[in-house]
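Have a look at the structure below before the remarks.
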Amino acid sequence: MIRQDKILTQLQRKQDKFSDFDDSFRNESKLYKEHLAELSQLSCAQVRARLYEIEKPGALPTAEFDLAPNLRLPFSEQWTNHAEARTWACDALLNHTTFAVDGSQIPPNAAFN
Numbered sequence: 145m146i147r148q149d150k151i152l153t154q155l156q157r158k159q160d161k162f163s164d165f166d167d168s169f170r171n172e173s174k175l176y177k178e179h180l181a182e183l184s185q186l187s188c189a190q191v192r193a194r195l196y197e198i199e200k201p202g203a204l205p206t207a208e209f210d211l212a213p214n215l216r217l218p219f220s221e222q223w224t225n226h227a228e229a230r231t232w233a234c235d236a237l238l239n240h241t242t243f244a245v246d247g248s249q250i251p252p253n254a255a256f257n
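Going by our numbering, the sequence shown opens with residue 145, and the numbers climb by one from there.
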């Protein structure tokens with residue numbers, strides 16, 4: 145039997161934690177948006193220059209970066225339904241090797257905690 149009164153009591157006891165999480169999320173989101181706006185004003189060369197001293201910076205911007213106002217590239221394809229989109233994807237990918245990795249194949253390891 146679910147005791148709604150007990151659930152409500154526990155939620156009320158943790159209200160401060162929920163509020164703290166919400167405040168933290170809002171602050172991080174605001175900071176993220178500010179940095180993203182700053183990044184969108186930089187050129188590919190400026191981003192690469194900022195990353196130059198980092199030994200392994202990860203992915204670097206390509207020439208398309210400068211063609212992407214507000215960090216978005218236009219996409220000319222439009223479809224009226226899912227079947228059309230799937231047909232386009234099939235045609236675009238047919239005879240092209242593709243792969244994807246989501247990280248789920250990495251076994252749990254205490255070293256990463």
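Ideal Cβ positions, reconstructed from N, Cα and C, are used throughout, including at glycine. A quick note: this is a predicted structure, and the numbers were derived from the prediction, not measured.
Mapping DSSP to helix, strand and coil, what is residue i?
i	result
Asp160	helix
Asp223	The amino acid occupying residue 223 in the given sequence is Trp; Asp does not appear at that position. Here Trp223 sits in coil by DSSP.
Ile151	helix
Ser168	helix
Applying the 10 Å Cβ sphere with the 16-neighbour rule, what's the burial state of residue i?
i	result
Phe209	buried
Exercise for the section: Would you check if there are 3 or more beta carbon pairs closer than 8 Å linking the segment 205 to 216 to the segment 178 to 192? Expected result: yes
Handout entry: alpha helix (DSSP H) runs contained entirely in the segment 174 to 244, provided each spans 4 or more residues
Key = 188 to 195, 226 to 237
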